[in-house]
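The opening position of the sequence shown corresponds to residue 1 in our numbering, with each subsequent residue numbered one higher.
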Amino acid sequence: MPKLDAALLASGHAFPRELVVPPQRALPLPEKVLQFGEGNFLRAFVDWMFARLNRRGSFAGRVVLVALTWIYPAAGRAAHAFGLA
Numbered sequence: 001m002p003k004l005d006a007a008l009l010a011s012g013h014a015f016p017r018e019l020v021v022p023p024q025r026a027l028p029l030p031e032k033v034l035q036f037g038e039g040n041f042l043r044a045f046v047d048w049m050f051a052r053l054n055r056r057g058s059f060a061g062r063v064v065l066v067a068l069t070w071i072y073p074a075a076g077r078a079a080h081a082f083g084l085a
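Below is the structure:
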């Protein structure tokens with residue numbers, strides 16, 4: 001699966017119809033929100049509100065996601081760390 005970034009958006013890639021792809025004009029917007037987590041509530045409710053505000057011209061910013069990732073060290077215990085998504 002290709003990484004969703006500015007180059008992919010500019011390439012003319014055919015995205016599935018059900019996927020909402022950010023418009024090219026959104027890319028230069030400043031990063032205003034640092035969101036920890038990527039659960040269903042955040043994606044379906046909180047991120048939706050920021051997208052709606054951007055469409056109305058009331059927010060003019062982007063959300064940066066910090067996703068929880070699982071790390072399995074050699075000792076066998078699961079640990080977790082945060083990484084940019």
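Note that CB positions come from ideal geometry on N, CA and C, so glycine has one too.
Fully enclosed beta strand (DSSP E) runs of no fewer than 3 residues occupy 31–36 of the segment 21–58, in order along the chain. When secondary structure is reduced to three states using DSSP, residue 67 falls in the strand class. DSSP places residue 60 in no alpha helix (DSSP H); its state is neither H nor E. By the Cβ test, the segment 51–62 is in contact with the segment 25–41, since at least three Cβ pairs between them sit closer than 8 Å. Ranked by Cα distance from residue 37, the first of 45, 1, 4, 66 is 66. In its chain, beyond the 5 residues on either side, 35 have a beta carbon closer than 7 Å to the beta carbon of residue 42.
Ranked by how close their Cα comes to the Cα of residue 21, the residues 40, 48, 39 have 48 in first place.
Look at residue 19 here: in three-state DSSP terms it is coil, with no helix or strand label.
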